[in-house]
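**Q** Take this structure first; my questions come after.
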Amino acid sequence: MSDVNKILEHAETLAKDMHLPLKPDLDAEKAAKEAYQGFKSDSTQKEIQSYTTKLKEENFKDVLKNSDMEALKNLSDGERIYVFISSSMPVETIRNYVKAIDSIDDPRVCMVMKGFIGDITDVKKTLAFIRKLLMKDPTCNDATCKIFKTEILIDPMLFRLYDIKTVPSIVYATNVFVTDPEQSEGQLSNPDGLKISGDVSLEYSLEKMEEKSHSGTLKSILNKMKASFYNG
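Numbered by my numbering, the letters in the sequence shown go through residues 84 to 315 in order.
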């Protein structure tokens, strides 16, 4: 049985032990922060992460070594590219973003979902959705399955910080510095960057952002995406 299936089967058990704060008397910002901390610190999240990490390591041992991850980075420490998505979007549209991010090979470029699909503790449904996005062959169901090297975050605070009202939305963020790596990057007080919303490709969005910002790193990423396209 593949690790993908193990993740999905184990998720239902894990969900029973997940407890996120539900306090309707708190204001939205405080509730979002507490929900995020619950999601990050709960032992359930750690166990899910260990399973997904194991899956990626088995498929991309040569990519996921720390030294290799450093070599992959195109963006600087304070730069990020977030692609905000929702399960309401067509799967193929999201998979196009997944493939584009995979071609960039930079851990500072990722996708972001606002929350779990359906019930907040329904980990199994959410993992099944993520599996569908990351599998190079969505029909694959064994140990030979190959996945795209694209990180998908669940972080409502990033949606709030960048005022994401519609999806897809793409944000090129700058000055992203957090003192605690366990904290959400959505806790910044003064977000900087550019945003494009609408059903447009990642490459098109980055081209428009590069034209406006004259960012050398964006230009390098675009060159890398074009090279990946021509090299197949």
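Ideal placement from N, C-alpha and C gives every residue a C-beta, glycine not left out. These figures come from a predicted structure and were not determined experimentally.
Suppose you measure from the CA of Ile304 to the CA of Gly269; what does that come to, to the nearest Å?
**A** Cα to Cα, Ile304 sits roughly 23 Å from Gly269.
**Q** Residues in the same chain with beta-carbon distance under 6 Å from Ile200, minus the five sequence neighbours each way, listed in chain order, please.
**A** Answer for Ile200: Ser170, Lys208, Thr209 and Phe212, listed in chain order.
**Q** What whole-angstrom Cβ distance do Ser186 and Ser311 have, given they're in contact under 8 Å?
**A** Between Ser311 and Ser186 the Cβ distance is about 4 Å, and since that is below 8 Å, they are a contact.
**Q** Return the CA-CA distance between Asp86 and Ile253, expressed in angstroms with no decimal places.
**A** Note that Asp86 has pLDDT 49, beneath the 50 cutoff, so the model's placement of it is unreliable and the number below is only indicative. Whole-angstrom Cα-Cα distance: 31 Å.
**Q** Quick check: what's the CA-CA separation for Ile184 versus Phe167?
**A** Distance between the alpha carbons of Ile184 and Phe167: 12 Å.
**Q** Tell me, which residues are paired with Cys193 by DSSP?
**A** According to DSSP, which records beta bridges pairwise, Cys193 is partnered with Tyr165 and Glu234.
**Q** So, helix, strand or coil for Val250, using DSSP?
**A** Note: Val250 maps to coil in three-state DSSP.
**Q** What separation, rounded to the nearest whole angstrom, lies between the Cα atoms of Leu277 and Pro221?
**A** Going from the Cα of Leu277 to the Cα of Pro221 covers about 33 Å.
**Q** Spatial neighbours of Val195 within its chain, please: C-beta separation below 6 Å, excluding the five flanking residues on both sides.
**A** Closer than 6 Å at the Cβ level, and outside the excluded window around Val195, lie Tyr165, Phe167, Leu236, Asp238 and Leu241.
**Q** My understanding is that Lys260 touches Lys182, with C-beta atoms under 8 Å, so please give their C-beta distance in whole angstroms.
**A** Checking the displayed sequence, the identity of residue 260 turns out to be Phe instead of Lys. Not confirmed; about 30 Å, so no contact.
**Q** Roughly how many angstroms lie between the CA atoms of Lys197 and Ala226, to the nearest whole one?
**A** Using only the alpha carbons, I get a separation of about 30 Å.
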